[in-house]
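Protein chains: 2
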Amino acid sequence: MFVDNINRRSKIPFYQQLYEILRGKIVQGDWKPGDMMPPESELIEQYQVSRNTVRQVLDLLVQEGLIYRQRGRGTFVAHPTLEQTMLRIISFTEDMQQRNFVPGTEVVSSKVITTPIEIAEKLQIAEGEELAVIERLRLADGEPMSIEKSFLVHRYCPNILRYDYALNPLRQVLEREYRIKLIHARQIIRAIMASGELAELLKIQMPSPLLFIERVSFSQDSLPVEYLEIFYRADRYSLYNELQD
Amino acid sequence: MFVDNINRRSKIPFYQQLYEILRGKIVQGDWKPGDMMPPESELIEQYQVSRNTVRQVLDLLVQEGLIYRQRGRGTFVAHPTLEQTMLRIISFTEDMQQRNFVPGTEVVSSKVITTPIEIAEKLQIAEGEELAVIERLRLADGEPMSIEKSFLVHRYCPNILRYDYALNPLRQVLEREYRIKLIHARQIIRAIMASGELAELLKIQMPSPLLFIERVSFSQDSLPVEYLEIFYRADRYSLYNELQD
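The listed protein sequences correspond, in order, to chains A and B.
Read in our numbering, the first sequence has 223 at position 223, and its numbers run on one by one without any break.
Read in our numbering, the second sequence has 71 at position 71, and its numbers run on one by one without any break.
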């Protein structure tokens with residue numbers, strides 16, 4: 001049976017009992033993703049615990065990613081979807097929404113280059129073929145979060161640089177204008193040091209580490225279309241996943 | 001139909017054609033994991049290409065993780081299992097074997113401490129409870145690869161420090177002596193800067209980045225038993241995974 005009150009005779013500290021109770025309501029679905037949590041005053045009243053205890057428990061649940069606070073609005077049950085970023089191709093916009101940030105994008109540069117050998121190999125094209133390169137600064141709540149450098153096989157999407165990628169999601173342009181849907185990707189995750197150029201764009205000090213993802217994305221025809229480099233600020237971004245035996 | 005020779009009239013460079021041919025044999029299973037690849041001389045003869053071309057193609061396949069070289073033995077088809085490290089709980093030993101390294105372990109320290117609040121929360125125990133802490137240096141081909149700090153709820157595995165973890169895998173001791181099987185885990189992946197202490201143990205210069213994993217592992221009874229911190233040398237270790245739309 002599900003316990004919904006504090007056992008005052010137990011040796012288990014109140015904060016831990018309250019933690020188990022509230023966690024249970026979320027995990028078992030009594031409180032659903034997006035639901036507003038009861039205000040602190042109500043939890044104090046209902047469970048007869050101190051404000052400190054309530055805050056400690058809410059802090060724990062925030063840390064665990066089960067709930068999140070929105071300034072001026074209250075505390076909400078989180079969508080348990082963070083680990084999707086490790087299994088599904090999702091856009092920066094979706095990723096930030098799951099993390100409860102407001103996403104933003106600035107285009108740093110866009111140009112056509114001839115393919116260097118390392119990228120030619122990844123995209124299975126000849127050296128010297130044209131690549132369209134789009135470099136975007138990604139913002140979360142107005143602060144730099146990451147830099148994304150997309151290298152696209154220009155032959156598959158001629159003139160793709162004519163669109164403004166501060167406004168248009170790149171994947172949407174690929175689908176709408178070129179009938180290319182990126183349905184599969186392979187990625188490598190590393191830690192690197194920020195170069196001076198990246199540190200400046202990301203507004204971080206030197207030396208700082210970055211979480212670095214290299215991703216090759218394949219179309220519905222299994223063609224490698226995009227090689228993507230993502231440089232995440234390590235102080236703002238981490239990956240989460242679950243493992244089974 | 002599957003092409004097994006170079007089209008000499010095609011505009012596609014030979015190296016790329018050979019790459020597609022050899023890759024096809026691996027991906028389609030003509031050559032199986034563990035199989036030895038034909039020697040360079042045989043590939044040169046069979047496909048009528050230069051030694052340079054063969055080497056370039058083999059380098060590409062090594063980079064992709066499809067084959068690996070063993071000094072003095074030859075080139076082999078790799079086991080396509082690297083991404084399991086992102087989905088399954090596997091031991092350091094298994095992980096290194098998949099990466100074709102010889103694993104090794106040195107115990108840096110082992111002691112009992114009282115649980116600090118941050119770890120108490122992760123393990124859902126009271127502050128001040130006893131934790132058994134085991135710090136191991138992990139080696140790959142005799143060179144430092146990572147540091148693992150395990151924090152175990154001592155109450156679940158009393159006297160666990162009496163075993164020598166240079167010789168005994170920790171998970172094996174947990175299963176054999178305490179009937180605890182870690183069957184589920186949650187982890188967070190970040191980039192951090194190496195502290196002086198870690199840099200010294202890992203034999204890297206300062207400043208250097210590390211790939212940092214924090215993992216909570218749960219028993220068959222859904223009890224959080226272990227909190228693990230893994231600090232990987234970023235110049236030697238990366239994670240790989242695949243994504244779907």
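In this text, a Cβ means the ideal position worked out from N, Cα and C, and glycines have one as well.
Helix, strand or coil for Gln241 of chain A per DSSP?
A quick correction: the sequence has Asn, not Gln, at residue 241 of chain A. Asn241 of chain A falls in the strand class under three-state DSSP.
Would you please verify whether the beta carbon of Arg9 of chain B is less than 7 Å from any beta carbon of chain A?
It does not: the Cβ of Arg9 of chain B has no partner Cβ on chain A nearer than 7 Å.
Would Met1 of chain A pass as an interface residue toward chain B - the criterion being a Cβ-Cβ separation below 7 Å?
Any reading at Met1 of chain A needs caution, since the residue's pLDDT is 41, under 50, leaving its predicted position unreliable; the model's value is listed next. No, Met1 of chain A lies away from the interface with chain B (no Cβ there is under 7 Å from its Cβ).
Between the region 34 to 57 of chain A and chain B, which residues of the former have CB atoms less than 7 Å from a CB of the latter, in chain order?
From the region 34 to 57 of chain A, no residue has a Cβ closer than 7 Å to chain B.
Using a C-beta to C-beta distance shorter than 7 Å, which residues of chain A count as neighbours of His154 of chain B?
Ordered by position in chain A, no residue passes the 7 Å Cβ test against His154 of chain B, which lies about 17 Å from the chain.
For the structure I just gave you, are there three or more beta carbon pairs, one from the region 26 to 41 of chain B and one from the region 198 to 215 of chain B, closer than 8 Å?
Flag = no, the region 26 to 41 of chain B and the region 198 to 215 of chain B do not touch.
Bridge partners of Lys149 of chain B, per DSSP?
In DSSP, Lys149 of chain B forms a bridge with B:Glu135, B:Glu229.
Does Lys203 of chain A pass the burial test, meaning 16 or more other C-beta atoms within 10 Å, or should it be called exposed?
Answer is exposed; the Cβ neighbour count stays below 16.
Going along the chain, which unbroken runs of the alpha helix (DSSP H) with 4 or more residues stay wholly within the region 176 to 218 of chain B?
Taking only runs of at least 4 residues, the alpha helix (DSSP H) segments lying wholly in the region 176 to 218 of chain B are 196 to 202.
DSSP three-state call for Met1 of chain B: helix, strand or coil?
Below a pLDDT of 50, predicted positions are generally treated as unreliable, and Met1 of chain B, at 41, falls in that range; no measurement from the model is reported.
Minimum Cβ-Cβ distance from Asp245 of chain B to chain A less than 7 Å
Chain A places a beta carbon closer than 7 Å to that of Asp245 of chain B, counting this residue as a contact.
Less than 7 Å separating the beta-carbons of Val108 of chain B and Leu139 of chain B?
Taking 7 Å as the Cβ cut-off, Val108 of chain B and Leu139 of chain B do not qualify as a contacting pair.
Near-chain A residues of the region 175 to 190 of chain B - C-beta to any C-beta below 9 Å:
Listed by position along the chain: Lys181, Leu182, Ile183, His184, Ala185, Arg186, Gln187, Ile188, Ile189, Arg190.
Examine chain A for any beta-carbon lying closer than 7 Å to the beta-carbon of Ala126 of chain B, and answer yes or no.
At least one CB of chain A lies nearer than 7 Å to the CB of Ala126 of chain B.
Measuring only from the beta carbon, is Thr115 of chain B closer than 6 Å to any heavy atom that is part of the ligand NAP?
With respect to small molecules bound, the structure shown includes none, and the ligand NAP cannot be examined in it.
If Glu135 of chain A and Lys149 of chain A are in contact, beta carbons under 8 Å, what's the gap, nearest whole angstrom?
At roughly 5 Å, the Cβ-Cβ gap stays under 8 Å, so Glu135 of chain A and Lys149 of chain A are in contact.
Quick one: Cα of Met1 of chain B to Cα of Leu22 of chain B, how far?
Residue confidence is low: Met1 of chain B scores 41 on pLDDT, short of 50, so the model does not pin down where it sits. Its coordinate-derived value is still stated next. The straight-line gap from Cα to Cα measures roughly 15 Å.
Measuring straight from C-alpha to C-alpha, what distance separates Arg233 of chain B and Pro169 of chain B?
C-alpha separation (whole angstroms): 21 Å.
To which residues of the same chain is Leu243 of chain B closer than 8 Å at the C-beta, ignoring the five residues directly before and after it?
Around Leu243 of chain B: no qualifying Cβ.
Please confirm if Pro13 of chain B has its CB atom under 7 Å from at least one CB of chain A.
Output row for Pro13 of chain B: interface = yes.
Between which two residues does the beta strand (DSSP E) harbouring Lys32 of chain A extend?
In the DSSP assignment, Lys32 of chain A falls outside any beta strand (DSSP E) and carries neither an H nor an E.
Exposed or buried, which one is Met36 of chain B when buried takes at least 16 other CB atoms within 10 Å?
So Met36 of chain B counts as exposed.
Please confirm whether Ala166 of chain B and Leu152 of chain B have their CB atoms less than 7 Å apart.
No, the Cβ-Cβ distance between Ala166 of chain B and Leu152 of chain B is not below 7 Å.
Mind checking who Lys111 of chain B pairs with in its DSSP beta bridge?
For Lys111 of chain B, the pairing in a beta bridge is given by DSSP as B:Val133.
What are the boundary residues of the alpha helix (DSSP H) that includes Gly24 of chain A?
First-last of the alpha helix (DSSP H) with Gly24 of chain A: 14 to 27.
If we cut at 7 Å on Cβ distances, does Leu137 of chain A have a partner in chain B?
Interface with chain B (7 Å Cβ-Cβ cutoff): Leu137 of chain A is excluded.
Quick check: the Cα distance between Ile147 of chain A and Glu94 of chain A, rounded to an integer number of angstroms?
So the two alpha carbons sit approximately 16 Å from each other.
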